[in-house]
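Let me begin by presenting the structure, written as C-alpha cells, before commenting on it.
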Amino acid sequence: MLPNYGEKFNPLLRCIVRRTRAYLEQQINPATGEYYLPRVAVKLFGENDNEALTLNGYLREAYQEAESFCQLLQQRVRGAGFFKTLLLRRLGSSMEAGRRTIVKLLGADYDSVDEEEDDIEDDEQAGPGRPPTALSDMKNFTSDEIASLERCLQLLKEGGNRDPKLEALIGYLLGIRRDADERWVDLGCVLFSQYYDTVKWVGDQLATRPEFAGMDIGLYAGSNRSGFWREGRFQRCDRETLKKRVRSGDLKLILGTDAASEGLNLQRLGTLINIDLPWNPTRLEQRKGRIQRIGQARNEVWIANLRYRDSVEDRVHNVLASRLEAIHELFGQIPDTLEDVWVKIALNDEAAANLMIDRAAATRNPFDVKYSRVDDANWEASSSVLNPISVREILEKRW
Numbered sequence: 430m431l432p433n434y435g436e437k438f439n440p441l442l443r444c445i446v447r448r449t450r451a452y453l454e455q456q457i458n459p460a461t462g463e464y465y466l467p468r469v470a471v472k473l474f475g476e477n478d479n480e481a482l483t484l485n486g487y488l489r490e491a492y493q494e495a496e497s498f499c500q501l502l503q504q505r506v507r508g509a510g511f512f513k514t515l516l517l518r519r520l521g522s523s524m525e526a527g528r529r530t531i532v533k534l535l536g537a538d539y540d541s542v543d544e545e546e547d548d549i550e551d552d553e554q555a556g557p558g559r560p561p562t563a564l565s566d567m568k569n570f571t572s573d574e575i576a577s578l579e580r581c582l583q584l585l586k587e588g589g590n591r592d593p594k595l596e597a598l599i600g601y602l603l604g605i606r607r608d609a610d611e612r613w614v615d616l617g618c619v620l621f622s623q624y625y626d627t628v629k630w631v632g633d634q635l636a637t638r639p640e641f642a643g644m645d646i647g648l649y650a651g652s653n654r655s656g657f658w659r660e661g662r663f664q665r666c667d668r669e670t671l672k673k674r675v676r677s678g679d680l681k682l683i684l685g686t687d688a689a690s691e692g693l694n695l696q697r698l699g700t701l702i703n704i705d706l707p708w709n710p711t712r713l714e715q716r717k718g719r720i721q722r723i724g725q726a727r728n729e730v731w732i733a734n735l736r737y738r739d740s741v742e743d744r745v746h747n748v749l750a751s752r753l754e755a756i757h758e759l760f761g762q763i764p765d766t767l768e769d770v771w772v773k774i775a776l777n778d779e780a781a782a783n784l785m786i787d788r789a790a791a792t793r794n795p796f797d798v799k800y801s802r803v804d805d806a807n808w809e810a811s812s813s814v815l816n817p818i819s820v821r822e823i824l825e826k827r828w
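Counting from 430, one number per residue, gives the positions in the sequence shown under this note's numbering.
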C-alpha cells in the first residue's frame, strides 16, 4: 500500500466533516456575519511549577508512605496497574479521600472502596486486554503492605485537617489568593472531583466557615446523595432542583463528581476549580465543557487546577506541560491513550511514560490531512442526509 494512502482515501472521512470548537470560533457565518460559535476564552490558574501546593510535615510523609505501599504492590502483583495506584489517586484527590480508602482497606472492606457510583471509573473495570482490577481480587495483603498502610494512616491522623487544597480553593472563592483578584464565588463557581469522599468533605468544611454563612452550597452527586448545605446543615434534594437553582442564579456555589455530572450544563457559572486532576484526560475536557459552552455570559471563564507538589499529578504535569498544547491541537483534545502515562509515572517508569507521549505526539490525525475544512458549505440547502444504513453501505463499498 502507498504511504499515507489510508489517511488520504479513508472512506469514513468522505462522510464526516470535523468541526472543532477552535474552527467554529474563528469562522464567520456568511448568513449572519457573526462567528459560528461565540468565543469563550479560558484562563488557567495553578499551571506554573511554583503554584503546586506544598504538603508539609506529616502529610508529605503520608504521601511518601502511600508511594511505598504502591511499590510493594508493584513487586507482588502482576498487571492491574490502576489498582496498584488507587491509593495514590485517592490521596492525590484529597487527604480525606486517601484516609477513608486506607480505613476500608485495613478493615478488609475491599468492595466498598469502589462500590459507589461516583467513585467508579470505566477504566477501573476489567475488560479485553486488561486484567481484573476490582479490589476483591487483591485481598490478602502481606504484613509489609499492612504495616505500610498503618503508617500512612497514622501520619494522616497526625496531619489533621490541614489539607492545602482546602485553603487554596477557599482563597480562590474569596479572592484572597495572590493570583486571584476577584471573588470567584460572586462569579459563580463549580468545584469538581472524581470522588464523592472529596466533595462531601470539602462541602462540610466550607459550610462551617463564617465566610460562607448565609450562602447555600450545592452538592451534585449520584445515588440519591445530592443536596445542599444551609447554615452548616446538609439537606438532601434531587439533582433537578439543583440545576434549576443554578440556572436561576439562586445557587452560585456547587460541588460535583465526574460520574454524576455528565450532561450537566453550568454556563451560568463563570469559574471552575478542579480539586483533583483525573488521570483520564477526557474527564478534564468534560469538566471544562460544563461552563465553556453556548450561553456563557462571560467572554472568559477561569479554571484553577489544584495539585500537590511532588505528587504523581505534579510529576505528570512537569512531563506533559511543554507538550500538551501541541498534542491538543493535533487531536482536538488530549487522547485517552495518555491515561496510562499517569500509571507509568506513579510506578516510577518515566521512560515508558515518555515513550507513550512520543507516540501520541507522532500520530497524525487523518482529519487534518485533507478533510478538516469545507468552506462555505450550504448544509441547510442539502436535500437529504445519509441515514445510518446508507452510511454503512457506503463504508462497505470497495475503495
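A virtual CB, placed ideally from N, CA and C, is assigned to each residue, including glycine.
Within this structure, are the beta carbons of residue i and residue j separated by less than 8 Å?
i	j	result
I702	L735	yes
D743	S622	no
Q696	R722	yes
L502	L534	no
L595	V631	yes
L635	A491	no
V471	I774	no
A495	G527	yes
L516	V741	no
A782	V820	no
To which residues does DSSP link residue i through a beta bridge?
i	result
Y737	L482
T686	S622
I575	None, per the DSSP bridge assignment.
Y649	G685
Run through DSSP, which three-state label would residue i get?
i	result
V469	coil
L502	helix
Y464	strand
I702	strand
W708	coil
G656	strand
L488	helix
F474	strand
N728	coil
N901	Any question about residue 901 goes unanswered here, given that the chain covers just 430 to 828.
T637	coil
R607	coil
V770	helix
D778	coil
A642	coil
G718	helix
K513	helix
G589	coil
K629	helix
Between the alpha carbons of residue i and residue j, how many angstroms are there, rounded?
i	j	result
D610	G600	10 Å
N477	D667	38 Å
P467	L598	29 Å
K629	Y649	10 Å
Y737	E822	52 Å
T637	D592	16 Å
D615	Y452	32 Å
G647	T686	12 Å
Y465	G651	35 Å
L603	N694	24 Å
W613	D633	19 Å
R489	K513	20 Å
E480	H746	12 Å
G643	G661	9 Å
Q715	D626	20 Å
R606	F498	34 Å
E825	I818	11 Å
From what residue to what residue does the beta strand (DSSP E) around residue i run?
i	result
L693	From DSSP, L693 is part of no beta strand (DSSP E); its letter is neither H nor E.
Which residues bound the alpha helix (DSSP H) around residue i?
i	result
Q664	Q664 -> not in any alpha helix (DSSP H); beta strand (DSSP E) instead, spanning R662 to R665.
I531	M524 to L535
E669	R668 to S677
P593	P593 to L603
D428	Any property of residue 428 remains undetermined from this structure, which presents the chain solely from 430 to 828.
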